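Residue numbers (this note's numbering): 13 to 178. For glycine and all other residues, C-beta sits at the position ideal for the given N, C-alpha and C. Note that the structure is predicted; figures quoted are calculated from it, not measured.
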Ligand SMILES: [Fe+2]
């Protein structure tokens, strides 16, 4: 997908360096259900949603790359959000530069992303919408009650982002 120049300019992340760091530290299958293809779909969906919701693009993009980065298994791992949130904090200033408010939002969005909450902050909810819309990949239909107004509009389109859903 082509993003407007304004959007590109706001995505201020050393992606090559960050991907190398994630390749080095990620313990699971890189192409598995919580690996890089999932992060790419969450990113794609998150950036589309951000254009509708007005969410912070940098926070949403970093959420996509980092939220599942510290899973220890592909099944039940309730602490993975907290580990990934602290990891994100440790990377701030190395591969990206978030201010305090942005970092607080990213930390909370990552730490609570699998707790089944909804949030009235558009950036946090956009992160969660993007992740939840990729539930199609594991054969689950995203539940509208956990999505924002904008996220609900993408339930059906998101189905076709995953090859096994076609
Ligand atoms: Fe995820």
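Residue span of the alpha helix (DSSP H) that contains residue 97, given as start and end
It spans 92–103 - the alpha helix (DSSP H) in which residue 97 sits, taken as one unbroken run.
Name the two residues that bound the continuous alpha helix (DSSP H) containing residue 134.
Element bounds for residue 134: 134–144.
How is residue 38 classed by DSSP in three states: helix, strand or coil?
In this structure, residue 38 counts as coil in the three-state DSSP scheme.
Does at least one heavy atom of ligand 1 sit under 8 Å from the Cβ of residue 79?
Yes, the Cβ of residue 79 comes within 8 Å of a heavy atom of ligand 1.
Using DSSP's beta-bridge definition, name the partner residues of residue 25.
Partner residues in the beta bridge of residue 25, as assigned by DSSP, are 108.
Contacting residues, own chain, Cβ-Cβ under 7 Å from residue 44 (five flanking each side not counted):
Excluding the 5 residues flanking it on each side, residue 44 has same chain C-beta neighbours closer than 7 Å at 86, in chain order.
In the structure shown, what three-state DSSP assignment does residue 178 receive?
Any reading at residue 178 must be qualified, since the residue scores a pLDDT of 43, below 50, and its modelled position is unreliable; the value itself is stated next. It is coil, neither helix nor strand.
Less than 9 Å separating the beta-carbons of residue 79 and residue 122?
Yes. Within cutoff.
Mapping the DSSP letters down to three states, classify residue 157 as helix, strand or coil.
Assigned with DSSP and collapsed to three states, residue 157 falls in helix.
Taking 8 Å as the line, does the beta carbon of residue 146 fall inside it for any heavy atom of ligand 1?
Yes.
Within the present structure, is the beta-carbon of residue 11 separated from the nearest heavy atom of ligand 1 by less than 8 Å?
Nothing about residue 11 can be reported from this structure: the residues present for the chain run from 13 to 178 only.
Option in 91, 93 and 137 with minimal Cα separation from residue 161:
Answer by Cα proximity: 137.
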